Every structure is written in structure tokens, then in C-alpha cells.
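Contents: one structure, followed by commentary.
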Amino acid sequence: MKHPVAEANEESPFGSLSQSEFYSHHSVTHNSEFITNSRGLKLFTQWWIPLPPAKIIGVVCVVHGFTGESNWFVQLTAVHIAKHGFIVCAVDHQGHGFSDGLVAHIPDLNLVVDDCISFFDSFRDLHAPPSLPSFLYAESLGGAIALLITLRQGDTAPRRPFDGVVLNGAMCGISNKFKPAWPLEYLLDIAAFFIPTWPVVPTRGSLPMVAFKEE
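Heads up, the sequence shown is in our numbering, so the first residue is 618 and it goes up one at a time.
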């Protein structure tokens, strides 16, 4: 089964089709809504459900990465998963996609974990009976968020544990080749205290050179 990204073009993730035509073509329904988190920020959420006669076999909660969102490639991946019989949901993190917040700024990763747990819990309560298995699918920084979700204990943990986690290119640490030279790395901690929203990513050498390689 081809990934729907094969149908996309530079202008639209749906290629030559309209959004409604695209979802109809893939036998998937799509819905979206804004929710308000505990900090008063509006977060964009959306979900995809296979159309009958498809048999629903589980729920997949998608966690996107830093500067990402639940649209475009993540959206197409969600459709691909839904076509295999899964209900799929996703939320744009604070400062990402259509959600409120300073663009690409995450003041505390634990706040994002809270938002994800809150939405995924409420979504599963509405759309997935306890007998239906549920999974986390995460990309890039979303991988770290997904792991933090599963590690939560006590009152802040998910009401229903997830049955599995799928990590795609998870960013759970920073390679030494990306870190700035000492002592700049430690000076940045001080700078972040005074100017936490300053958009700077210091690295050694050229970022494209260290980020990509040919094999």
C-alpha cells in the first residue's frame, strides 16, 4: 500500500484533489477542533477514522517534532495508518502549527507532555473503548515527548497506559557534533535564563554539513 505522500505536490499535500476528495479516495473521515489547555492556550487537534467496512483494530496518538505540526507529512502518515484500521489523532504543540503560543518556543517540555496526555486521554475516552489497544507514534522531538508520556507516574500519568510506542527518528539526545564548543554550551544556559525566547541555534561549523551526509 503506497504512502499518500506519493500523491502530494509542492502546492498541496492532497495533490490534485480537494481535501474532501482526498479523504474520500482513501476511505477515511477527518475532523478537527480547537481545545483550550490548562494555561488558556488554544491547541489545534485533528483525527482520522477509517470508513466502514474497515474493522477498527486500535488507536494511534501522533506526537510531532520540534517546528513540526500535525499537517502535511504527519497528516499523510496519519491517513496511511488509518487505512490499516486505526483511529488516529494528533495535536499541534504550543507554538506550533495552528496552536497558540510564540512560534517554535517550548518554555517547558513537561507542559507539552501535559497537553498531550490531556488530549489523548479525552480522545480515547470518546472514541476508543478500553478493550481497543492504543499506541503512540512519534517523530523527532516527539520521540522524547512520547517516552516522557510513558514514564509519567501518579496523578499526572495517562489514565490508560499505552500498549506500545513507535519511534521514527526520535530525538532523545543531542549529538556532540551538534553541540557548541565549551564554554559556550554552559554560557547559553545563563543566556536562556535572561532571554529565553532568543532564536539562536549555535553549532560547530555548517549546520547543513553536519546534519546531512551521503552514503
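Cβ coordinates follow ideal geometry from the N, Cα and C atoms, glycine included. Fair warning: this is a prediction, and the values are worked out from it, not measured in the lab.
Check this for me: beta carbons of residue i and residue j, under 9 Å apart or not?
i       : j       : result
Asn-785 : Glu-756 : yes
Lys-700 : Met-618 : yes
Asn-648 : Ile-673 : no
Phe-690 : Val-645 : no
Between residue i and residue j, what straight-line distance do the alpha-carbon atoms span, to the nearest angstrom?
i       : j       : result
Asp-731 : Gly-790 : 20 Å
Trp-799 : Glu-624 : 46 Å
Arg-776 : His-643 : 32 Å
Ser-637 : Gly-714 : 21 Å
Trp-664 : Tyr-754 : 14 Å
Val-696 : Tyr-803 : 43 Å
Trp-815 : Asp-806 : 12 Å
Glu-650 : Ile-812 : 33 Å
Ser-735 : Asp-725 : 16 Å
Ser-655 : Asn-793 : 36 Å
Lys-659 : Pro-750 : 28 Å
Gly-771 : Thr-694 : 32 Å
Gly-657 : Gly-632 : 36 Å
Phe-661 : Pro-797 : 34 Å
Asn-626 : Ser-748 : 39 Å
Which residue or residues does DSSP assign as beta-bridge partners of residue i?
i       : result
Ile-666 : Thr-646
Phe-651 : Phe-661
- Contact between the segment 764–784 and the segment 701–721: three or more CB pairs below 8 Å? no
- Say whether the segment 683–700 touches the segment 760–771, bearing in mind that this needs 3 or more beta-carbon pairs closer than 8 Å, one atom from each stretch. no
- Task: Can you check the segment 672–730 for any beta strand (DSSP E) of at least 3 residues that lies completely inside it and give the ranges in chain order?
- Result: 675–680, 703–708
- Message: With three or more C-beta pairs closer than 8 Å as the rule, is the segment 668–683 touching the segment 736–746?
- Response: yes
- Message: My parser needs the alpha helix (DSSP H) runs of 4 or more residues fully inside the segment 721–792; what are they?
- Response: 726–744, 758–768
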